[in-house]
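First comes the structure, then the notes that go with it.
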Amino acid sequence: MKVSQESPADTKAKNDNARGATKQEDAKRGYAFENKAIDANMVEMNIQATSAVFKCSKCGAEQEVDIVGDRQLGEAKSKSAKQVKKKGSQQARNYRSIQAQVFGEGTQPRAKLDGERGDHAETRAEFERRGFQVEIVN
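The sequence shown begins at 1 in the UniProt record's numbering and counts up by one.
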């Protein structure tokens, strides 16, 4: 069940504020890329909400979802392939489970990946292996 959500405009404003407050370049890049992915998905996914938190009714675990469209969940990722392989397989399982519960079986969650990273092909392969429909954003 969804327990909280934001509008795309609110999420983008929070990301802009967070980007200005951090000194870490990877974090700045991530906030900027999430905003870029929201803009790229606005029409294509018919975004209903962003930064939505879903809570499992069985175990109580929570999962933040970057983008909720009218028929698909979306994840925005600007991380190296090494970082993605190291962390995130549980998140991928959660996304697939939420996708199936909210929208039914048969549609994969979408991953928008940062095409400006040199290893985006490896990152793409990892997300495809995890069951995502993948798009590279430059």
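Idealized CB from N, CA, C, for every residue including glycine.
Because the structure is a prediction, the values reported are computed rather than measured.
Exercise. Out of Met1, Gln108, Leu113, Lys55, point me to the one whose CA is closest to Lys79's CA.
Key: If you number the sequence shown from 1, residue 79 lands on position 79. If we check each option's Cα against that of Lys79, Leu113 comes out closest.
Quiz prompt | Cβ-Cβ separation, Ala37 to Ile67 (assumed contact under 8 Å), whole Å | solution = One-based indexing of the sequence shown puts residue 67 at position 67. One-based indexing of the sequence shown puts residue 37 at position 37. Contact flag correct, Cβ pair sits at about 7 Å.
Quiz item: How long is the line joining the alpha carbons of Lys14 and Gly20, rounded to whole angstroms?
Solution: Counted from its first residue, the sequence shown places residue 14 at position 14. Counted from its first residue, the sequence shown places residue 20 at position 20. If I take the Cα positions, the gap works out to 10 Å.
Quiz item: Counting only runs that start and end within the stretch 36-107, where is the alpha helix (DSSP H) found for 4 or more residues in a row?
Solution: 81-86, 89-103
Quiz item: What are the boundary residues of the alpha helix (DSSP H) that Glu128 is part of?
Solution: Along the sequence shown, one-based indexing puts residue 128 at 128. Note, Glu128: alpha helix (DSSP H), 120-129.
Quiz item: For Asp10, which of Glu75, Ala49, Ala32, Met45 has the nearest alpha-carbon?
Solution: The residue given as residue 10 occupies position 10 in the sequence shown. Here the closest residue by C-alpha is Ala49.
Practice problem: Grab me the residues of Gln99's own chain with a C-beta within less than 6 Å of its C-beta, minus the 5 sequence neighbours each way, in chain order. | Solution: In the sequence shown, counting from the first residue as 1, residue 99 sits at position 99. Hits under 6 Å: Leu73, Pro109.
Quiz item: Nearest to Asp16 by CA position, among Val3, Phe33, Ser4, Met1, is which residue?
Solution: Position 16 of the sequence shown, counting from 1, holds the residue named residue 16. If we check each option's Cα against that of Asp16, Phe33 comes out closest.
Quiz item: What are the start and end residues of the alpha helix (DSSP H) that includes Lys12?
Solution: Numbered from its first residue, the sequence shown carries residue 12 at position 12. Segment 8-21, the alpha helix (DSSP H) holding Lys12.
Self-check item: Cβ-based neighbour list, Pro8, same chain, cut-off 6 Å, excluding 5 preceding and 5 following
Solution: Locating residue 8 in the sequence shown gives position 8, where the first residue counts as 1. Excluding positions up to five away in sequence, the list reads Ile38, Ile47, Thr50.
Exercise. Starting from Ala111, follow its DSSP beta bridges and name the residues at the other end.
Key: By 1-based counting over the sequence shown, the position of residue 111 is 111. DSSP lists Glu75, Val134 as partners of Ala111.
Practice problem: Please list, in chain order, all residues of the same chain as Asn35 whose beta carbon is under 6 Å from its beta carbon, the five residues on each side excluded. | Solution: Here residue 35 refers to the residue found at position 35 of the sequence shown. Counting only Cβ-Cβ distances below 6 Å, and skipping sequence neighbours, we find Lys12, Asn15.
Self-check item: Sheet register partners of Lys2 (DSSP bridge)
Solution: Within the sequence shown, the letter at position 2 stands for residue 2. Beta-bridge pairing links Lys2 to Phe54.
Exercise. Measure the C-alpha to C-alpha separation of Ser57 and Val3 and round it to an integer number of angstroms.
Key: As a first step, residue 57 is located in the sequence shown; it is residue number 57 there, counting from the start. As a first step, residue 3 is located in the sequence shown; it is residue number 3 there, counting from the start. Cα to Cα, the separation comes out at about 11 Å.
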